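Asker:
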Amino acid sequence: MERAADMTLSDFAQRHLFVPLAMADTRYWTGPDPMPPGAAPLARRHPAPLSLGDGGVWTTLRDLLRWSQALNADELGISELMQTPGRLDDGRPIDYAWGIGVRSHAGHRVYRHGGGWTGLRALHARVPDLDLSVALLAINDHTERRVPLLNSLLDEGGADVDTSGRAAS
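Numbering-wise (this note's numbering), the sequence shown opens with residue 58 and increments by one.
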(Lines of atoms letter the chains of each structure in order from A and count residues from 1; the text may use other names and numbers.)
(Lines give C-alpha, C1' and ligand atoms only; values in the text may rest on other atoms or scores of the structure.)
Protein backbone atom coordinates (compact mmCIF):
# COMPACT_ATOMS: atom_id res chain seq x y z
CA MET A 1 0.00 0.00 0.00
CA GLU A 2 2.79 2.37 0.90
CA ARG A 3 4.44 1.96 -2.51
CA ALA A 4 1.15 2.43 -4.38
CA ALA A 5 0.14 5.50 -2.35
CA ASP A 6 3.69 6.87 -2.10
CA MET A 7 3.17 7.58 1.59
CA THR A 8 3.27 5.70 4.87
CA LEU A 9 0.23 3.76 6.05
CA SER A 10 0.00 6.15 8.98
CA ASP A 11 -0.06 9.21 6.70
CA PHE A 12 -2.53 7.53 4.33
CA ALA A 13 -4.91 6.68 7.18
CA GLN A 14 -4.62 10.19 8.58
CA ARG A 15 -5.33 11.83 5.21
CA HIS A 16 -8.04 9.49 3.87
CA LEU A 17 -9.73 8.17 7.02
CA PHE A 18 -9.11 9.99 10.27
CA VAL A 19 -9.18 13.62 9.05
CA PRO A 20 -12.20 13.27 6.70
CA LEU A 21 -14.16 11.51 9.47
CA ALA A 22 -13.13 14.09 12.11
CA MET A 23 -11.40 11.43 14.21
CA ALA A 24 -8.90 13.86 15.72
CA ASP A 25 -7.85 11.55 18.55
CA THR A 26 -7.03 8.48 16.41
CA ARG A 27 -3.56 7.68 15.17
CA TYR A 28 -1.11 4.93 14.43
CA TRP A 29 1.59 4.76 17.09
CA THR A 30 4.79 2.74 17.05
CA GLY A 31 6.76 4.60 19.69
CA PRO A 32 9.36 5.04 20.84
CA ASP A 33 7.28 5.96 23.90
CA PRO A 34 4.80 3.28 25.05
CA MET A 35 1.81 5.47 24.17
CA PRO A 36 1.03 8.62 22.17
CA PRO A 37 1.11 11.98 23.94
CA GLY A 38 -2.05 12.50 25.99
CA ALA A 39 -3.06 8.82 26.03
CA ALA A 40 -4.20 7.22 29.27
CA PRO A 41 -1.51 4.91 30.60
CA LEU A 42 -2.36 1.22 30.66
CA ALA A 43 -2.14 -1.01 33.74
CA ARG A 44 1.62 -1.26 33.56
CA ARG A 45 4.05 0.38 31.23
CA HIS A 46 5.17 -1.73 28.33
CA PRO A 47 7.00 -0.96 25.11
CA ALA A 48 5.19 0.51 22.12
CA PRO A 49 3.83 -2.17 19.76
CA LEU A 50 6.57 -1.48 17.17
CA SER A 51 4.14 -2.30 14.38
CA LEU A 52 1.13 -0.81 12.67
CA GLY A 53 -0.87 -4.00 13.20
CA ASP A 54 -1.81 -5.42 16.56
CA GLY A 55 -1.73 -2.60 19.10
CA GLY A 56 -0.67 0.04 16.58
CA VAL A 57 -3.90 2.07 16.38
CA TRP A 58 -4.74 4.32 19.30
CA THR A 59 -8.19 5.88 19.56
CA THR A 60 -10.85 7.15 21.93
CA LEU A 61 -14.36 5.96 22.56
CA ARG A 62 -15.71 9.05 20.80
CA ASP A 63 -13.61 8.40 17.69
CA LEU A 64 -14.48 4.70 17.69
CA LEU A 65 -18.18 5.54 17.70
CA ARG A 66 -17.56 8.10 14.94
CA TRP A 67 -15.91 5.32 12.88
CA SER A 68 -18.96 3.16 13.53
CA GLN A 69 -21.34 5.91 12.43
CA ALA A 70 -19.32 6.40 9.24
CA LEU A 71 -19.48 2.68 8.44
CA ASN A 72 -23.21 2.50 9.18
CA ALA A 73 -23.82 5.45 6.82
CA ASP A 74 -21.22 4.23 4.27
CA GLU A 75 -19.53 7.63 4.32
CA LEU A 76 -16.34 6.23 2.79
CA GLY A 77 -18.08 4.11 0.17
CA ILE A 78 -16.46 0.91 1.48
CA SER A 79 -19.01 -0.53 3.91
CA GLU A 80 -20.49 -3.08 1.51
CA LEU A 81 -17.05 -4.45 0.69
CA MET A 82 -15.93 -4.48 4.32
CA GLN A 83 -19.13 -6.21 5.45
CA THR A 84 -19.15 -8.94 2.80
CA PRO A 85 -18.35 -12.28 4.43
CA GLY A 86 -15.52 -14.24 2.92
CA ARG A 87 -15.56 -17.73 1.45
CA LEU A 88 -13.23 -20.67 1.80
CA ASP A 89 -11.45 -22.05 -1.27
CA ASP A 90 -14.23 -24.64 -1.64
CA GLY A 91 -16.86 -21.89 -1.70
CA ARG A 92 -18.24 -22.36 1.81
CA PRO A 93 -19.08 -19.01 3.45
CA ILE A 94 -17.42 -17.91 6.68
CA ASP A 95 -18.64 -15.47 9.32
CA TYR A 96 -15.72 -13.09 8.93
CA ALA A 97 -15.32 -10.09 6.62
CA TRP A 98 -12.22 -7.92 6.28
CA GLY A 99 -11.35 -7.88 9.97
CA ILE A 100 -14.85 -8.02 11.44
CA GLY A 101 -17.00 -10.88 12.63
CA VAL A 102 -20.36 -11.15 10.89
CA ARG A 103 -23.29 -12.40 12.96
CA SER A 104 -27.05 -12.24 12.56
CA HIS A 105 -30.14 -12.65 14.67
CA ALA A 106 -33.79 -11.78 14.29
CA GLY A 107 -33.17 -10.45 10.79
CA HIS A 108 -30.39 -8.03 11.79
CA ARG A 109 -26.76 -8.29 10.82
CA VAL A 110 -24.21 -7.55 13.55
CA TYR A 111 -20.62 -6.64 12.72
CA ARG A 112 -18.09 -6.81 15.53
CA HIS A 113 -14.40 -6.64 16.27
CA GLY A 114 -12.61 -6.93 19.57
CA GLY A 115 -9.25 -7.46 21.06
CA GLY A 116 -6.98 -6.98 23.98
CA TRP A 117 -3.63 -5.58 24.86
CA THR A 118 -1.78 -5.54 28.14
CA GLY A 119 -4.23 -3.93 30.57
CA LEU A 120 -6.95 -3.23 27.99
CA ARG A 121 -9.97 -5.03 26.55
CA ALA A 122 -12.08 -3.66 23.71
CA LEU A 123 -15.11 -4.76 21.74
CA HIS A 124 -17.02 -2.87 19.08
CA ALA A 125 -20.30 -3.89 17.43
CA ARG A 126 -22.56 -2.32 14.83
CA VAL A 127 -26.12 -3.11 13.77
CA PRO A 128 -26.55 -0.95 10.64
CA ASP A 129 -30.24 -1.87 10.19
CA LEU A 130 -30.93 -0.20 13.54
CA ASP A 131 -28.23 2.49 13.21
CA LEU A 132 -26.89 1.07 16.48
CA SER A 133 -23.29 1.06 17.64
CA VAL A 134 -21.77 -0.16 20.88
CA ALA A 135 -18.14 0.16 21.92
CA LEU A 136 -16.55 -1.16 25.10
CA LEU A 137 -13.13 0.01 26.23
CA ALA A 138 -11.94 -1.30 29.60
CA ILE A 139 -8.61 -0.14 30.96
CA ASN A 140 -6.91 -2.38 33.52
CA ASP A 141 -9.23 -5.28 32.71
CA HIS A 142 -7.72 -8.73 32.40
CA THR A 143 -11.01 -10.62 32.11
CA GLU A 144 -12.95 -12.06 29.21
CA ARG A 145 -16.38 -10.67 30.00
CA ARG A 146 -16.69 -8.49 26.92
CA VAL A 147 -19.10 -10.66 24.93
CA PRO A 148 -21.70 -11.13 27.72
CA LEU A 149 -21.53 -7.41 28.49
CA LEU A 150 -21.89 -6.52 24.82
CA ASN A 151 -24.86 -8.86 24.49
CA SER A 152 -26.53 -7.12 27.42
CA LEU A 153 -25.92 -3.69 25.92
CA LEU A 154 -27.25 -4.75 22.52
CA ASP A 155 -30.35 -6.18 24.21
CA GLU A 156 -30.83 -2.82 25.94
CA GLY A 157 -30.44 -1.12 22.55
CA GLY A 158 -33.29 -3.19 21.13
CA ALA A 159 -31.20 -5.35 18.85
CA ASP A 160 -31.84 -8.70 20.61
CA VAL A 161 -28.82 -10.16 18.87
CA ASP A 162 -26.50 -13.10 19.48
CA THR A 163 -22.87 -12.02 19.12
CA SER A 164 -21.39 -15.17 20.63
CA GLY A 165 -20.04 -16.43 17.33
CA ARG A 166 -22.61 -19.21 17.02
CA ALA A 167 -24.92 -19.27 14.05
CA ALA A 168 -28.12 -17.59 15.18
CA SER A 169 -31.51 -19.05 14.45
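Ideal placement from N, C-alpha and C gives every residue a C-beta, glycine not left out.
A quick note: this is a predicted structure, and the numbers were derived from the prediction, not measured.
Would you mind working out which of Pro185, Asp146, Gln140 and Arg84 sits nearest Trp155, comparing C-alpha positions?
Answerer: Selected option, being the one with the closest Cα: Gln140.
Asker: Which residues in the same chain as Arg166 place their Cβ atom closer than 8 Å to its Cβ, once the five residues preceding and following it in sequence are excluded?
Answerer: So the qualifying residues of the chain are Gln140, Val159, Arg160, Val184, Pro185 and Asp186.
Asker: CB-CB under 6 Å to Ser190, same chain, minus the five flanking residues each way: which ones, in chain order?
Answerer: Around Ser190: Leu122, Ser125 and Arg183.
Asker: Ordered along the chain, which non-local residues of its own chain (more than five positions away) have a Cβ less than 8 Å from that of Gly164?
Answerer: So the qualifying residues of the chain are Asp186.
Asker: Nearest CA to the CA of Pro89: which residue from Leu180, Gly113, Asp188 and Phe69?
Answerer: Of the candidates Leu180, Gly113, Asp188 and Phe69, the one whose C-alpha sits nearest the C-alpha of Pro89 is Gly113.
Asker: Select from Trp86, Pro77, Leu78 and Met80 the residue whose C-alpha is nearest the C-alpha of Leu66.
Answerer: Taking only the C-alpha atoms, the option nearest Leu66 is Trp86.
Asker: Just list the residues that DSSP pairs Ser161 with in beta bridges.
Answerer: Bridge partners of Ser161: Arg166.
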